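Written out below as structure tokens is the structure these notes cover.
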Amino acid sequence: MFLIHCPYCGEREQSEFKAGGEAHIVRPKQPTELSDDQWAEYLFMRKNIKGVQFERWVHAHGCRKWFNMVRDTSNDEIKAIYKMGEKPPTKYK
Amino acid sequence: MTNNLRVKSSKFIDETYKISFKFNNKIYYGYKGDTLASALLANNIHLVGRSFKYHRPRGIMTAGSEEPNAIVQLHKNTSRTEPNVRATEIEIYEGLEASSQNCWPSVNFDIGGINNFLSPVLPAGFYYKTFMWPASFWEKYEYFIRKSAGLGKSPTDSDPDIYEHKYIHCDVLVIGAGISGIIAAKTSAKNGFKTLLLDEKPYLGGSTIYQNSEHFKINNQISSSWLDKEINEIKKIDNLEIKIRTSVAAFHGYNFLLARENLTDHLPLHQRNEKVRHRLLKIRAKKVISATGSLERPLVFDNNDRPGILLSSAIEKYSNLFGVACGQKNVLFTNNDSAYETAISLFQKGINVGAIIDNREEVDSKLVKEVEKNNIKIYKGYTVVNTFGYKKINKISIMQLSKDGQKVVGSKISIDCDCLGMSGGWTPAVHLFTQSGGKLKFRDEDQVFIPDTYPSDQISIGSCNGEFTLDEILSSISKKLKDFLNIKKTEYENLEIQSHFNKTKRNIWLLPSDKIIGKTKPFVDYQNDATAKDIKLALREGFRSIEHVKRYTTTGMGTDQGKLGNMHALGIISETAGSKMGELGTTTFRPPYTPLTFGTIVGRNVGEYFDVFRKTPIHDWHVENKAKFENVGQWKRAWFYPKKNESMHEAVQRESKAARDSAGILDASTLGKIDIKGTDASEFLNRVYTNTWSKLAIGKCRYGLMLNEDGMVYDDGVTTRLDENHYIMTTTTGGAATVLGKLEDYLQTEWPELDVYLTSVTDHYATISVCGPNSKKIISKVIPNLDLSDEKFPHMSFKNAKIDKVKCRVMRISFTGEQSYEINVQANYGKSVWDKCMQAGKEFNITPYGTETMHLLRAEKGFIIVGQDTDATMTPIDLQMDWIVSKKKYDFIGKRSLYRSDTIREDRKQLIGLVTENPKEVLEEGAQIVLDASKSPVEMLGHVTSSYYSPNLEKSIALGVVKGGKNMMGQKLIIPMENKQINVTVTDPVFLDKENKRLNA
Chain A
1 MFLIHCPYCG EREQSEFKAG GEAHIVRPKQ PTELSDDQWA EYLFMRKNIK GVQFERWVHA
61 HGCRKWFNMV RDTSNDEIKA IYKMGEKPPT KYK
Chain B
10001 MTNNLRVKSS KFIDETYKIS FKFNNKIYYG YKGDTLASAL LANNIHLVGR SFKYHRPRGI
10061 MTAGSEEPNA IVQLHKNTSR TEPNVRATEI EIYEGLEASS QNCWPSVNFD IGGINNFLSP
10121 VLPAGFYYKT FMWPASFWEK YEYFIRKSAG LGKSPTDSDP DIYEHKYIHC DVLVIGAGIS
10181 GIIAAKTSAK NGFKTLLLDE KPYLGGSTIY QNSEHFKINN QISSSWLDKE INEIKKIDNL
10241 EIKIRTSVAA FHGYNFLLAR ENLTDHLPLH QRNEKVRHRL LKIRAKKVIS ATGSLERPLV
10301 FDNNDRPGIL LSSAIEKYSN LFGVACGQKN VLFTNNDSAY ETAISLFQKG INVGAIIDNR
10361 EEVDSKLVKE VEKNNIKIYK GYTVVNTFGY KKINKISIMQ LSKDGQKVVG SKISIDCDCL
10421 GMSGGWTPAV HLFTQSGGKL KFRDEDQVFI PDTYPSDQIS IGSCNGEFTL DEILSSISKK
10481 LKDFLNIKKT EYENLEIQSH FNKTKRNIWL LPSDKIIGKT KPFVDYQNDA TAKDIKLALR
10541 EGFRSIEHVK RYTTTGMGTD QGKLGNMHAL GIISETAGSK MGELGTTTFR PPYTPLTFGT
10601 IVGRNVGEYF DVFRKTPIHD WHVENKAKFE NVGQWKRAWF YPKKNESMHE AVQRESKAAR
10661 DSAGILDAST LGKIDIKGTD ASEFLNRVYT NTWSKLAIGK CRYGLMLNED GMVYDDGVTT
10721 RLDENHYIMT TTTGGAATVL GKLEDYLQTE WPELDVYLTS VTDHYATISV CGPNSKKIIS
10781 KVIPNLDLSD EKFPHMSFKN AKIDKVKCRV MRISFTGEQS YEINVQANYG KSVWDKCMQA
10841 GKEFNITPYG TETMHLLRAE KGFIIVGQDT DATMTPIDLQ MDWIVSKKKY DFIGKRSLYR
10901 SDTIREDRKQ LIGLVTENPK EVLEEGAQIV LDASKSPVEM LGHVTSSYYS PNLEKSIALG
10961 VVKGGKNMMG QKLIIPMENK QINVTVTDPV FLDKENKRLN A
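As structure tokens, then:
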């Protein structure tokens, strides 16, 4: 079970958190202008990487704040955690 | 034959404390300190059980948790009986009752033993291959197969014992209290680390503690004496916690471990009352040191499974630790020096060793020489080719190995014996290491898998790391601990070590025989009766992956998880398939390392503590008034209130009628309530609901539908504008938490620029809904100074009010279609306001109704329940709720999805009403709806989502979803049931008061 460093509360058990899928997928500002395919791309298409992945997590049973996590899915190593709105660390790109 | 094989007193056994126990209904005696296995062996009992498939007689093989054969059923009563207990681990106590498993009628005469003679027709995959045809016969086969298979019996009554969970946080966790673990724990604790030391056995010191040989010395003391002093010292260290009888079950990522502390299983029954039996430790360790030791390997040869055949190290342990001789004519069979250690221990205790058969041709270590000095015959370069004796071994035959070890040569020699010890070298216990995500590497010299890369802050030391000899362990441990703990020095830097163990080994996974393999039974997995022959068969049949071979042959799938035989299975696969062991990999070691009882896993979360449940402030009133309850999420909601002898149907009919004829009252406190504040609150609601909110006047309420981004209905509820920048949103009872989560998600991640604050206030308010034609009169009695006129307080509006001095919010909203008022009051006044309403409503026969009546009343009005009439495939258009979807708004969650090619299809399932031809016939919810039941395959058009008998309309009504249902008004359809067909007609989903006259009646 992960030990996750919530950027607002500190280190907590994984059971207090919920994963929220891939990070940095921005909701289109003008959905009406998108074709079905473009909208489907936003709506359904997600990466499933073996290796370093950018994810959204929420401290669901804690401060309820969302944040981002860089995690290596092959060994579950958490490489970095940063707040919503902050730029992803470039070295894992 | 003597019945007492106790040879010499041992300091681990208290011979002044005699204990009686029963095995297969016969009384025996042992001493405090004995395991069931050692006590049985002292009574000269080897035969303990029967094997799983062939029902071959099996005896005690090991002296530890790796035992595959000696597993017994404990206790006879139906609540405490426990199957699959390893006789080698359970300590005897006064009153212990154990019996053999997997045999009928008895372990000495087992009818299933016939399988042994049928074994040529019972190869690997036999059951898969044979009982496939005809498929319909499986149920009959299964009955017999289940009866003859299966290990032990589960308890049938609930477990009376107490279990608990405990969290432990430590700097350093040391797993295993052998010599390496003791040194590691002491070093760690003395350097100020909060340290936890665990061992599954009831004593500390591992296998060194009963070592009593001049050949193994530390600083000129016999290794066990040296270790004894260390143990006495560590017991005095404050920041070191030591737990014995504690088996680590799982090693998860991030150094999170689960261990089972066994607190009472060794106590006499009368001392266990009220005590916690097992404690599940949930450990978070900053650093983990695995010192889990190693397991001796058996050797794989024909009939290597008879009672009386043990691991050589087990024989040594029984003699040194328990003072028990496993036999009077012992023979040892080995491919390395370990058996010589055993031989020396045995003759030190005066136990006869007849011969040693050694695979190796040239052996001349100090240990070997000492054995030779004692005139024990050593057959060098020989192998055992067969064993004899049905219920106990009485003879072996041996032959010389060819130079390449592939064949046997020369003539057979017979040797009488009553006990055969075998040693195939050692396998590091890397189970926990691999569970944690560690990767192994294969060491070719001695054919072992050892830890390679560590996924977390941990190390493996001692024999679990492939360091098998005392000098190897002690010469490297100091540096390892210094590096790992980041300390400057340890007290173990300059130990003087004397260790005469020679490491050479002649590894042959499957020993050759003079017979062809088809005629032999060289067991690899003892518990599951998988032989080398089965593994070879699996390979011939095309299985290549070790994981497939495992499942096909069941090798390693018993309660022991193949701790002994897995390496041999790998070795045989590798040799047969010509692949390298290192490339083949191992099967996955999964938790738990040794089985856990369910009690340990659930801990205190049993009975009423299994899950939390939420009660409304009015809950006690519902209980007093005999409500039946329904679980909605974690809430207990009043379902209906049966009066004397009333059935559910009768109660619901009465409640529904009363609500429409006069007045009904509902506890709606469980509805989710979210307080929304901020200058952008209106804009926020515009974005999350399908309809428009910015123009909603203060003091007004509006129904809203919330979609997922994929356009599907997610939740609904009424939201009220309390002030310019202040709303209160209600959600469905079950959706409250997820709706809040979803709103927070959008607010924090997509629209952080919005000034909006969300607060869950579900538990802060009690909500009491009074409905029906007399509701206005009742509310006017409860809140006399509130103007309830339709002009001042119309439908879909809200007022702040006071009941006595208590502030409350009154909403005039309706989920029943009746005129209806909802009082929201601070939760702790909920009960008293409810009482007031009941009192005021008495003259109007105010009738409390539960969720079932609520569902019926809203169905009469065609109001949906999200989650009942919808699933995650219904858009508002499918629900015929186009009116609530704003055409003007540029965007809201899910809007773009409402005109994807799939969501605009005309033939999507759409919500419709259904009435039955026979008005008395009530449909079953979930029933399929078809047009033509005669055509095969029948096309399923949809299903019934809600169905009731309406007492107000005096007919059966139903809601359902049907493909293209919108355009099917008046269409006749069929509901095919098991033994009849029900004719229905598609109607509008609103059955009652289409004009909404009752809202202002």
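If you're matching them up, the sequences are chains A and B in order. Quick note on my numbering: the first sequence kicks off at 1 and runs consecutively. Quick note on my numbering: the second sequence kicks off at 10001 and runs consecutively. Where a beta carbon is used, it is the ideal one built from N, C-alpha and C, also for glycine. Just so we're clear, the structure is a prediction, and the values are computed from it rather than from any experiment.
Check	Outcome
Neighbourhood of B:P10451 by C-beta distance below 7 angstroms, restricted to the same chain and skipping five residues each side	V10430, F10433, G10438, L10440, S10460, N10465
Within 8 angstroms, strictly: CB atoms of B:G10817 and B:L10999	yes
Which listed residue (B:A10827, B:D10675, B:S10814) has its alpha carbon closest to that of B:V10756	B:D10675
Cβ-based contacts, 8 angstroms cut-off: residues of the stretch 70-84 of chain A near chain B	N75, D76, E77, M84
B:C10419 classed as buried or exposed, judged by whether at least 16 other C-beta atoms fall within 10 angstroms	buried
is_contact[B:F10012, chain A] using C-beta, thresh 8 angstroms	no
Top-ranked residue by Cα proximity to B:I10257, from B:K10166, B:K10235, B:N10191	Correcting the residue type first, residue 10257 of chain B is Leu in the shown sequence and not Ile. Nearest option by C-alpha distance: B:K10166.
Alpha-carbon to alpha-carbon, B:K10742 and B:T10730	14 angstroms
Alpha-carbon to alpha-carbon, B:M10796 and B:M10811	7 angstroms
Among B:V10922, B:V10930, B:V10632, the one whose alpha carbon lies nearest that of B:S10950	B:V10922
Given 8 angstroms, three or more beta-carbon pairs between the stretch 10467-10483 of chain B and the stretch 10539-10547 of chain B	no
Length-filtered (3 minimum) beta strand (DSSP E) runs lying within the stretch 10809-10888 of chain B	10820-10826
Under 8 angstroms between C-beta atoms of B:T10847 and B:E10655	yes
Beta bridge counterpart(s) of B:A10958 as assigned by DSSP	B:L10914, B:S10947
Reduced DSSP secondary structure (H/G/I, E/B, other) of B:L10040	helix
Ranges of the alpha helix (DSSP H) found wholly within the stretch 10640-10706 of chain B, counting only runs of at least 4	10648-10661, 10681-10688
Residue-chain proximity (A:A19, chain B), Cβ-Cβ < 8 angstroms	no
Partners in chain A for B:R10896, counting only beta-carbon separations shorter than 7 angstroms	P31, T32, L34, W39
Pair within 8 angstroms by beta-carbon distance, B:N10115 and B:H10055	yes
First and last residue of the uninterrupted beta strand (DSSP E) at B:D10525	10523-10525
Neighbourhood of B:K10781 by C-beta, 6 angstroms cutoff - its chain only, sequence neighbours within 5 removed	A10840
Buried or exposed by the 16-neighbour rule on C-beta atoms within 10 Å, applied to B:E10995	exposed
4 or more residues per run - each alpha helix (DSSP H) lying fully within the stretch 10183-10234 of chain B	10223-10234
Test item: CB-CB of B:A10042 and B:N10004 under 8 angstroms	yes
Cβ-heavy atom distance, B:V10288 to the ligand MN, below 7 angstroms	Annotation note on the ligand MN: not contained in the displayed structure, which lists no ligands.
Outcome for A:T90 when other beta-carbon atoms lying within 10 angstroms are tallied against a minimum of 16	exposed
Within 8 angstroms, strictly: CB atoms of B:V10866 and B:V10713	yes
Beta-bridge partners of B:F10023, as assigned by DSSP	B:K10026, B:A10098
Contact check, A:A60 vs A:E11, beta carbons under 8 angstroms	no
Cutoff 6 angstroms; reference B:S10313; Cβ partners in own chain excluding five residues on either side	E10296
Unbroken beta strand (DSSP E) run spanning B:H10165, endpoints	10162-10175
CB of B:Y10492 within 8 angstroms of CB of B:I10477, strictly	yes
Pairwise C-alpha distance: A:Y8 and A:K47	27 angstroms
B:Y10017 (DSSP reduced to helix, strand or coil)	strand
Under 7 angstroms by beta carbon: chain A residues contacting B:H10046	Neighbours of B:H10046 on chain A: none; closest Cβ ~44 angstroms, over 7 angstroms.
CA nearest to the CA of B:L10240, picked from B:A10259, B:A10177, B:D10265, B:H10270	B:A10177
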